[in-house]
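A.B. asks: Numbering-wise, the sequence shown is residues 1 to 983 according to the UniProt record's numbering.
Note that beta-carbon positions come from the ideal geometry of N, C-alpha and C, so glycine has one too.
So that we are looking at the same thing, I have put the structure below in structure tokens.
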Amino acid sequence: MTGIAVDCRAFYTGTGARQVELPTYAFQRQRYWPTTAVDAGDVRSAGLASARHPLLGAAVSLADSDGVVFSGRLSLASHPWLADHTIMGRILLPGTAFVELAIRAGDEVGSGRVEELTLAAPLVLPERSAVQIQVRVGAADEDGRRTVTVHSRPDDDSGAQWTQHAVGALTDDPVESIVGFDTAAWPPASAEPIDLDDHYAQLAESGFDYGPVFRGLRSAWRLGDEVFAEVALPEAPDTAAVADTDIGMDTDVDGFGAHPALLDAVLHVAGFTGAAQDGEGGALPFSWEGVSLFASGATSVRARLSRAGQDTVTIEAVDTAGRPVFTVDGLVVRTVTPEQLGTGPAVVGDSLFRTEWTAATEQVGTEPPEVAAVGLADDVTELLRSAGTEVRAYAYPDLAALAATETPVPDVVLVQLNTEPDAGRVEAVHATVSQALRLAQDWLAGERFTESRLVVLTRNATSGDDVAAASAWGLMRSAQTENPDRITLLDLDLDLSGTEVPGPVLARALTTPEPELAIREGHLLTARLVRAQAPEPEQTPDPDPLPEPGASWAGSGTVLITGGTGGLGAVVARHLAAEHGVRDLLLLSRRGMASPGAEDLVAGLAGLGARAQVVACDVADREALAEVLAGHEVSAVVHSAGVLDDGIIGGLTPERVDAVLRPKVDAAWHLHELTQGLDLSAFVVFSSAAGTLGSAGQGSYAAANAFLDALVRYRRDRGLPGVSLAWGPWEQTDGMLGELSAVDRERMHRSGFPPLSVEQGVALFDAALATADPVLLPVRLDLPALRARAEVPPRLRGLVRSRRAAGRAATDPGLVQRLEGMDEAEQRDALLDLVCGHVAAVLGHDGAAAVDPSRAFRDLGFDSLTSVELRNALSTATGLRLPATLALDYPTASELAAHLHTQLVSAEVEGSGSILATLDKLEQVIAKVSVDATAHKQIAGRIEVLRSRWATLRAQENSAELDFDAASDDEMFAFLDEELGGS
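Dropping the structure here:
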């Protein structure tokens with residue numbers, strides 16, 4: 001293309017200046033420019049198709065699904081214009097290019113709208129070699145959404161692993177091609193011009209050294225919180241000038257939907273909205289939401305940017321005639337440092353989190369609940385009844401007494417964990433966690449409690465003052481994960497009898513649908529994860545300086561690492577020696593030099609200039625640890641030891657729990673006590689995100705790690721160093737994660753918590769220790785996967801905006817109605833397909849067709865964890881309260897589907913005949929069994945409840961005949977009770 005002249009109604013192209021009329025209606029992905037072939041070569045001989053895109057070479061459809069994979073090769077030789085995108089000395093593929101790739105890939109399968117795209121890692125382009133890229137679009141789910149990912153690896157024979165740079169979701173949801181601002185007047189009336197004379201020079205000083213291709217910002221105006229900009233790509237040079245300059249020679253729009261340089265230039269005014277954290281400085285795209293492209297191949301646009309949050313903007317762009325080109329519902333931008341770009345696959349600012357307690361959302365129109373106060377003092381009941389809360393509270397000595405009552409169990413059951421935090425820390429932790437285990441097991445096993453919610457009261461569990469109560473919270477979080485909507489944790493900062501706890505606030509806590517709540521200074525709070533920010537290096541002096549970092553490696557003493565011969569301990573040892581100049585390491589493990597790989601580790605550390613001494617020591621043995629410490633000048637501690645013993649709450653025993661607590665809890669407390677007299681520069685404990693977020697099947701492990709988090713808070717409150725790193729999973733093949741099966745690993749990815757690479761992990765290690773926060777979560781989050789879950793975990797709702805509402809929002813309200821419109825065979829087929837689909841999802845298979853409905857779940861590979869996951873998924877999909885033993889009670893997909901048919905269909909449509917049949921069965925059962933006095937009371941109580949309900953109904957209806965087609969089950973039972981009992 002050798003010359004372009006453009007007006008708003010027509011354009012001319014080529015040396016012959018052929019005129020082509022533009023359409024007069026809003027574009028629906030129609031190209032501005034004549035389409036030319038953009039084939040990098042004939043790839044058909046390899047079984048591929050041309051990708052028809054400047055950044056991609058080939059495309060191939062997947063044989064086992066309706067997905068597609070694109071591949072390409074990028075280098076500065078093939079795409080020289082990319083060299084103009086230099087950020088802090090590194091040539092990066094623009095974040096806008098990832099959006100362009102996602103749009104092109106989505107177009108191939110009819111899902112061209114980018115619902116979300118998160119940029120997890122920068123793609124640094126080498127100056128001389130090339131990189132391979134791969135864009136993968138998955139199969140459509142039931143909502144029509146598809147996952148999209150972008151990976152890269154060096155284009156050489158090194159066998160390097162693929163690095164994931166972006167992950168997101170595509171959809172085919174149509175979006176109306178309109179914009180929300182008046183495009184008739186340009187610039188907008190009353191808008192004030194922004195001086196751009198030194199704009200790119202100032203960006204260059206901040207490290208954003210854009211070359212000519214990316215300097216597309218022409219003019220900008222500010223109107224309130226909105227910024228308007230005019231942006232254009234540089235004009236292509238004349239043929240005679242091509243030999244003298246590279247400027248613009250590769251910015252031809254052919255093949256692009258939205259040219260990355262054009263869209264990137266729009267972002268150069270984001271700082272003027274106040275969304276970029278450094279004001280008018282540079283920031284990079286991090287997360288895109290709702291990107292819609294209406295017209296392809298634009299070379300200039302007029303855009304409006306509006307601030308939608310602290311670091312979020314919305315974008316609308318039109319052509320010079322006011323016709324929509326693209327819109328962005330939300331773009332999150334992040335400031336970056338050279339250190340962050342230098343970490344390769346890890347962008348640490350986006351994988352480092354902390355917990356923040358925020359005001360709980362006000363619940364409107366919630367009725368005051370009935371509350372069973374179990375084992376609480378009388379003054380607590382009075383507190384619940386106080387201040388006009390109208391809470392109906394009833395006292396019971398324990399759960400057994402509540403279960404034995406003849407009246408229905410109230411909606412809310414209040415139980416307090418009794419702790420003795422000063423009666424020996426380690427002993428108190430073990431005792432309190434065992435108490436919590438018994439409480440959880442009794443609650444979940446009680447058939448009379450299935451429709452009620454347990455509220456567990458603690459004191460100072462979230463502040464670190466009561467480390468035993470904090471440990472119990474960890475176990476309960478796993479119980480919550482395994483049994484959604486059954487348990488709430490409520491922490492108070494004062495004794496229950498204290499007047500500082502207002503009765504109305506406590507009553508409100510009982511009706512707030514959150515799994516974790518705290519009352520602090522009379523306010524109801526809930527927990528959310530927020531991103532943690534490491535302080536900028538070499539900051540200018542501040543009159544209010546930040547607190548000191550949580551740890552450092554200063555000093556010439558010995559760094560002690562527990563669990564130091566394998567897993568994360570060995571990784572940290574190598575990192576400290578290689579990157580922090582640590583020269584003296586004391587590595588403790590139970591087997592010492594007999595540990596696998598210990599000799600190679602010591603030799604490798606010696607090659608890095610560090611002397612490592614490996615000592616066999618059970619760190620949970622206080623005397624043995626004291627003896628080791630007496631022989632060394634320890635200046636810093638890293639506690640990474642731990643064991644796993646997975647099992648769901650119902651299968652745990654106090655002995656199994658104690659075995660997991662010991663290497664975490666006992667060892668950490670001994671380290672805390674025995675080093676208090678030392679001048680430590682660091683006291684770092686390796687915790688787990690399971691202790692904060694809960695993890696199905698890891699109740700013991702969650703309790704142990706919740707203790708570590710609380711211990712660090714306890715130390716920091718007393719002026720002692722301490723940092724707890726609640727890690728997400730790592731990609732290691734040894735250590736605890738190395739024992740996980742392929743199904744376990746697939747579950748991690750599906751749940752939205754993909755593992756960290758070693759490179760990412762050590763970068764996060766350094767970033768976390770540079771902050772002042774005592775407890776941090778270095779965790780990778782797959783935001784699209786989290787958003788696709790039936791329900792986003794409440795702690796993550798500040799980071800992930802779910803497509804579904806809170807609670808059981810994924811329940812299909814039309815499931816029963818659809819089943820009613822089918823004959824019985826169709827109903828059973830539909831439910832079998834539902835079950836097989838969820839079985840396949842749990843096991844990581846491609847679809848329901850991969851599941852043999854007659855094979856036992858055990859033979860398909862189910863264990864206790866996958867059984868719980870299946871139960872939870874089906875409970876959410878059907879709205880039924882299904883037992884934890886579901887996969888055991890109905891051991892094949894066929895049997896389980898038949899059970900669901902009975903629950904969803906038979907009870908709904910069989911009318912009075914099924915009621916009579918049920919009564920016949922009940923009569924037969926009563927004739928065959930005998931019951932003790934307690935059971936007799938319970939049965940008599942239930943019968944009296946039915947009689948009372950029927951009496952009320954008959955009084956209301958003046959003894960009118962009951963309409964069996966419209967009556968509920970309770971009404972039918974009551975009617976039959978009178979008819980049969982009255983005779």
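Once the 5 residues before and after residue 145 are set aside, which same chain residues still bring their CB inside 6 Å of it?
C.D. replies: Within the sequence shown, residue 145 is the residue found at index 145, counting from 1. These residues qualify, in order along the chain: 169 and 171.
A.B. asks: Got a sec? Which residues, its chain only, sit under 6 Å from residue 654 by beta carbon, not counting five neighbours each side?
C.D. replies: The sequence position of residue 654 within the sequence shown is 654, counting from 1. So the qualifying residues of the chain are 434.
A.B. asks: Identify the continuous beta strand (DSSP E) that holds residue 179 and give its terminal residues.
C.D. replies: Working through the sequence shown from its first residue, we reach residue 179 at position 179. Element bounds for residue 179: n/a, residue is neither H nor E.
A.B. asks: From which residue to which residue does the beta strand (DSSP E) around residue 519 run?
C.D. replies: Along the sequence shown, read from residue 1 onward, the residue named residue 519 stands at position 519. 516 to 520 is the span of the beta strand (DSSP E), which, as asked, contains residue 519.
A.B. asks: Is the segment 68 to 77 touching the segment 130 to 144, taking contact as three or more C-beta pairs under 8 Å?
C.D. replies: They touch, by the three-pair rule.
A.B. asks: Can you say whether residue 671 is buried or exposed, counting buried as having 16 or more other CB atoms within 10 angstroms of its CB?
C.D. replies: Here residue 671 is taken as the residue at index 671 of the sequence shown, counted from 1. The residue is buried, with at least 16 neighbouring Cβ atoms inside 10 Å.
A.B. asks: Please check the pair residue 122 and residue 92, which I expect to be a contact at CB under 8 Å, by giving their CB distance rounded to whole angstroms.
C.D. replies: Counting from one through the sequence shown, the residue named residue 122 turns up at place 122. Counting from one through the sequence shown, the residue named residue 92 turns up at place 92. Confirmed, Cβ separation roughly 5 Å.
A.B. asks: Take the Cβ of residue 591 as the centre, count every other Cβ of all protein chains shown within 10 Å, and call the residue buried at 16 or more, exposed below.
C.D. replies: Position 591 of the sequence shown holds residue 591. Per the 10 Å Cβ criterion, exposed.
A.B. asks: Under the assumption that residue 103 contacts residue 110 (Cβ atoms under 8 Å), give the Cβ distance between them as a whole number of angstroms.
C.D. replies: Within the sequence shown, residue 103 is the residue found at index 103, counting from 1. Within the sequence shown, residue 110 is the residue found at index 110, counting from 1. Residue 103 to residue 110, Cβ: 12 Å. No contact.
A.B. asks: For the alpha helix (DSSP H) containing residue 575, list its first residue and its last residue.
C.D. replies: The residue labelled residue 575 in the question sits at position 575 within the sequence shown. It spans 567 to 579 - the alpha helix (DSSP H) in which residue 575 sits, taken as one unbroken run.
A.B. asks: Alpha carbons only, please: which of 226, 881 and 218 is nearest the one belonging to residue 235?
C.D. replies: In the sequence shown, counting from the first residue as 1, residue 235 sits at position 235. Closest option to residue 235, Cα to Cα, is 218.
A.B. asks: With a CB to CB cut of under 6 Å and the five nearest residues on each side skipped, what residues in its chain are close to residue 94?
C.D. replies: What you label residue 94 is simply residue 94 of the sequence shown in a count that begins at 1. Correct list, in chain order: 85, 260 and 264.
A.B. asks: Just mark residue 162 as buried or exposed, buried being the case when its beta carbon has 16 or more other beta carbons within 10 Å.
C.D. replies: Mapped onto the sequence shown, residue 162 falls at position 162. Burial call: exposed.
A.B. asks: Between which two residues does the beta strand (DSSP E) harbouring residue 835 extend?
C.D. replies: Within the sequence shown, residue 835 is the residue found at index 835, counting from 1. No beta strand (DSSP E) contains residue 835, which is instead part of the alpha helix (DSSP H) from 824 to 843.
A.B. asks: Considering only C-alpha positions, which residue in the set 322, 310, 306 and 329 is nearest to residue 298?
C.D. replies: For the purposes of this step, residue 298 is taken as the residue at position 298 of the sequence shown. Residue 322 is the option with its Cα nearest to residue 298.
A.B. asks: Given this structure, state the Cα-to-Cα distance separating residue 595 from residue 589, to the nearest angstrom.
C.D. replies: As a first step, residue 595 must be located in the sequence shown, where it is residue number 595. As a first step, residue 589 must be located in the sequence shown, where it is residue number 589. Spanning the two alpha carbons is a distance of roughly 8 Å.
A.B. asks: Can you tell which of 687, 716 and 693 has its C-alpha closest to the C-alpha of residue 704?
C.D. replies: Counting from 1 along the sequence shown, the entry for residue 704 is found at position 704. Out of 687, 716 and 693, 687 has the C-alpha closest to the C-alpha of residue 704.
A.B. asks: Any idea which residues DSSP pairs residue 70 with across the strands?
C.D. replies: Taking the sequence shown and counting its residues from 1, one reaches residue 70 at position 70. Its beta-bridge partners are 59 and 135.
A.B. asks: Please classify residue 27 as buried or exposed, where buried requires at least 16 other C-beta atoms within 10 Å of its C-beta.
C.D. replies: As a working note, residue 27 is residue 27 in the sequence shown. Caution applies to residue 27, whose pLDDT of 38 falls short of 50 and renders its modelled position unreliable; the model cannot decide the point.
A.B. asks: Hey, would you say residue 842 sits closer than 8 Å to residue 893, going by beta carbons?
C.D. replies: On the sequence shown, position 842 is the one that residue 842 refers to. On the sequence shown, position 893 is the one that residue 893 refers to. Taking 8 Å as the Cβ cut-off, residue 842 and residue 893 do not qualify as a contacting pair.
A.B. asks: Looking at the secondary structure, which residues open and close the alpha helix (DSSP H) in which residue 903 lies?
C.D. replies: Here residue 903 corresponds to residue number 903 of the sequence shown, with the count starting at 1. Residue 903 -> no alpha helix (DSSP H), and no H or E assigned at all.
A.B. asks: For my contact list, residue 414 and residue 442 are in at a C-beta cut-off of 8 Å; report their separation, rounded to the angstrom.
C.D. replies: Position 414 of the sequence shown, counted from the start, is the residue given in the question as residue 414. Position 442 of the sequence shown, counted from the start, is the residue given in the question as residue 442. About 15 Å; that fails the 8 Å criterion.
A.B. asks: Which one of 763, 901, 427 and 756 has the shortest CA to CA distance from residue 1003?
C.D. replies: Absent from the structure is residue 1003, since the part of the chain shown begins at 1 and ends at 983.
A.B. asks: Could you tell me how far apart the beta carbons of residue 288 and residue 117 are, in whole angstroms, since I believe they sit closer than 8 Å?
C.D. replies: Your numbering for residue 288 matches position 288 in the sequence shown. Your numbering for residue 117 matches position 117 in the sequence shown. Right, the Cβ-Cβ distance comes to about 4 Å (below 8 Å), so this counts as a contact.
A.B. asks: Judging by CA-CA distance, which residue of 782, 785 and 727 is the nearest neighbour of residue 763?
C.D. replies: Residue mapping note: residue 763 aligns to position 763 of the sequence shown, counting from 1. Looking at the Cα atoms, 727 is the closest of the given residues.
A.B. asks: Would you identify the three-state DSSP class for residue 165, choosing helix, strand or coil?
C.D. replies: As a working note, residue 165 is residue 165 in the sequence shown. Strand at residue 165.
A.B. asks: Rounded to a whole number of angstroms, what is the C-alpha to C-alpha distance between residue 486 and residue 452?
C.D. replies: The residue labelled residue 486 in the question sits at position 486 within the sequence shown. The residue labelled residue 452 in the question sits at position 452 within the sequence shown. Straight-line Cα distance between these residues: approximately 7 Å.
A.B. asks: Which stretch, first to last residue, makes up the alpha helix (DSSP H) that contains residue 624?
C.D. replies: Residue 624 sits at position 624 when you count from the first residue of the sequence shown. Counting along the chain, the alpha helix (DSSP H) containing residue 624 begins and ends at 622 to 630.
A.B. asks: Should residue 646 be labelled buried (16 or more other beta-carbon atoms within 10 Å of its own) or exposed?
C.D. replies: In the sequence shown, counting from the first residue as 1, residue 646 sits at position 646. Buried, because 16 or more other Cβ atoms sit within 10 Å of the Cβ of residue 646.
A.B. asks: The alpha helix (DSSP H) that contains residue 1042, what's its start and end?
C.D. replies: Past the edges of the chain, shown from 1 to 983, lies residue 1042, and the structure says nothing about it.
A.B. asks: Buried or exposed: where does residue 319 fall if 16 or more other Cβ atoms within 10 Å of its Cβ makes it buried?
C.D. replies: By one-based count along the sequence shown, residue 319 stands at place 319. Flag for residue 319 reads buried.
A.B. asks: Exposed or buried, which one is residue 437 when buried takes at least 16 other CB atoms within 10 Å?
C.D. replies: Residue mapping note: residue 437 aligns to position 437 of the sequence shown, counting from 1. It counts as buried.
A.B. asks: Are there three or more Cβ pairs, one per stretch, closer than 8 Å when the segment 456 to 474 is compared with the segment 677 to 684?
C.D. replies: Too few Cβ pairs lie closer than 8 Å, so no.
A.B. asks: What are the boundary residues of the beta strand (DSSP E) that residue 310 is part of?
C.D. replies: Walking along the sequence shown from the start, residue 310 turns up at place 310. No beta strand (DSSP E) contains residue 310, which DSSP labels as neither H nor E.
A.B. asks: When we look at the beta-carbon of residue 768 and count the other beta-carbons within 10 Å, is it buried (16 or more) or exposed?
C.D. replies: As a working mapping, residue 768 is identified with position 768 in the sequence shown. Buried: at least 16 other Cβ atoms inside 10 Å.
A.B. asks: Check whether the Cβ atoms of residue 984 and residue 59 lie closer than 8 Å to each other.
C.D. replies: Residue 984 is absent from the model: the chain starts at 1 and stops at 983.
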